[in-house]
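Participant:
Numbering (the UniProt record's numbering), first residue to last: 1 to 245.
Dropping the structure here:
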């Protein structure tokens, strides 16, 4: 599958941001608009490839820049303080991912591609937590999907606030967001009256959809779970978009 990838520059307040715009080869005015929030390594070629896989033939996707300047970091030592600062400041985290949604929507309109009634956000690890924060704001997206993401927030969702349908895919043995977080997320979403689903993969830890994850007992790729996850993403997006037609 071929398509195009290019840098899209936008801003959140005074912060200059630069994500990767991915346009499927058959993108037209009826395709979906997809935010893809990457793991804590930021805007990387690997994140762009995941976005292209999700966008498929007809979608237009934006790999979200959460750090500024299109920053992709070298490893966990550099990523951790950047990600933790945003986890501790959910209002700023929400502003930055909302700015990405606005930028994607505006750019798609400028090009005459993509259907703004078919908007969704998909996130991996730190990005999974970011798309859930976007959903908590009541953003007008049809779906938010978290893959092995962080699940709790210092600003829980208010009753009736979550408009998107939510799908959470998680490892049962994830030490980064363990069962206590899953239980807290469930209680939060039930109290908020959200439409949500969670699938827990037995025996798996963190980052099971990411090919380069290789930290035994903490973050490990699982090919079968990754294939299943991408099928679940496609099915959930199709269902969520159809529900609004």
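Ideal Cβ positions, reconstructed from N, Cα and C, are used throughout, including at glycine.
Report buried or exposed for residue 155, applying the criterion of at least 16 other Cβ atoms within 10 angstroms of its Cβ.
Facilitator: So residue 155 ends up on the exposed side.
Participant: Skipping 5 residues on each side, what residues in its chain have a beta carbon closer than 6 Å to that of residue 136?
Facilitator: 157.
Participant: Which term fits residue 6, buried or exposed, when burial requires 16 or more other beta carbons within 10 angstroms of its beta carbon?
Facilitator: That one is exposed.
Participant: Exposed or buried, residue 20, counting other C-beta atoms within 10 Å across all chains shown (16 or more means buried)?
Facilitator: Buried.
Participant: For my contact list, residue 129 and residue 87 are in at a C-beta cut-off of 8 Å; report their separation, rounded to the angstrom.
Facilitator: Rounded, the Cβ-Cβ distance is 7 Å, consistent with contact.
Participant: Return the first residue and the last residue of the beta strand (DSSP E) that residue 131 is part of.
Facilitator: First-last for residue 131: 126–136, but that is the alpha helix (DSSP H), not the beta strand (DSSP E).
Participant: With which residues is residue 121 paired in a DSSP beta bridge?
Facilitator: According to DSSP, which records beta bridges pairwise, residue 121 is partnered with 35 and 144.
Participant: How close, in whole Å, do the beta carbons of residue 34 and residue 55 come, if the pair is a contact with beta carbons under 8 Å?
Facilitator: Right, their Cβ atoms sit about 6 Å apart.
Participant: Give the straight-line distance between the Cα atoms of residue 167 and residue 46, rounded to the nearest whole angstrom.
Facilitator: If you take the alpha carbons of residue 167 and residue 46, they lie about 22 Å apart.
Participant: Is the region 10–26 in contact with the region 59–70, if contact means three or more CB pairs nearer than 8 Å?
Facilitator: They touch, by the three-pair rule.
Participant: Let me check one thing: in DSSP terms, what residues is residue 5 bridge-paired to?
Facilitator: DSSP output for residue 5 lists 22 as bridge partner(s).
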